[in-house]
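Residue 65 is where the sequence shown ends in my numbering, and the numbering goes up by one at each step.
Below: the structure, in structure tokens.
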Amino acid sequence: MTQQYRAYLIGQNGVFQSAEAFEAQSDASALEVAQQYTRRGDVEVWQLSRKIGLVKRNERTGIA
2 MTQQYRAYLI GQNGVFQSAE AFEAQSDASA LEVAQQYTRR GDVEVWQLSR
52 KIGLVKRNER TGIA
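Structure (structure tokens):
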């Protein structure tokens, strides 16, 4: 069963610049999906009000 997540792009000033909604099977796979959004900066991944993690720009998570 997939769950809803959001990836928030963090600007240089630390403020969210944009958000992308997506679905993933797990928290780990959500972090992998969010990797595609890091070309423009760091990305915070959220599932509803629960912060899943931070994916740094051009950094692999190491999660399979």
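Every residue gets a Cβ at the ideal spot worked out from N, C-alpha and C, and that includes glycine.
Asked                                                                        : Found
L55 - containing beta strand (DSSP E), residue span                          : R51 to V56
8 Å CB neighbourhood of F17 in its chain, flanking five on each side removed : Y9, L10, I11 and E45
Between the CA atoms of L32 and F23 - distance to the nearest angstrom       : 11 Å
Range of the contiguous beta strand (DSSP E) that encloses S19               : F17 to A25
Whole-angstrom distance between Q36 and Q4, CA atom to CA atom               : 17 Å
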